[in-house]
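Engineer:
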Amino acid sequence: VGILYVFAISSLEVYGVIMGGWASNSKYPFLGALRSAAQMVSYEVSIGFVIVTVLLCVGSLNLSDIVLSQQDGL
């Protein structure tokens with residue numbers, strides 16, 4: 124399993140939050156869900172920078188290679 128796959132799956136949480144706000148059939152919970160989704164997307168940008176830093180240090184997108192490099196001590 125690659126790290127980009129994990130990152131792509133974790134970004135799907137935004138759709139659940141928006142659908143939850145939309146399902147309430149009221150405008151205020153939907154606006155709150157949109158605000159929460161925007162906040163989640165902004166956090167994903169910083170998580171992306173952290174992942175890129177780890178990938179540059181390890182040199183691989185494979186999770187098992189990342190774990191092995193942690194055991195070796197970079």
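Residues in the sequence shown are numbered from 124 upward in steps of one, following the working numbering.
Beta carbons: idealized from backbone N, C-alpha and C, even for Gly.
None of these values were measured; they are calculated from a predicted model.
My output table needs one value for residue 143: the three-state DSSP class, helix, strand or coil.
Structural biologist: The answer is helix: DSSP assigns residue 143 an H, G or I state.
Engineer: Taking DSSP as the reference, what is the three-state secondary structure of residue 125?
Structural biologist: In this structure, residue 125 counts as strand in the three-state DSSP scheme.
Engineer: Please list the terminal residues of the continuous alpha helix (DSSP H) segment that includes residue 165.
Structural biologist: That run of the alpha helix (DSSP H) goes 150-181.
Engineer: Whole angstroms is fine: what's the gap from residue 136's alpha carbon to residue 164's?
Structural biologist: Taking the straight line from one Cα to the other gives about 10 Å.
Engineer: Determine the closest residue to residue 177 out of 167, 156, 190, with distance taken between C-alpha atoms.
Structural biologist: The candidate whose alpha carbon is nearest that of residue 177 is 190.
Engineer: Exposed or buried, residue 146, counting other C-beta atoms within 10 Å across all chains shown (16 or more means buried)?
Structural biologist: Per the 10 Å Cβ criterion, exposed.
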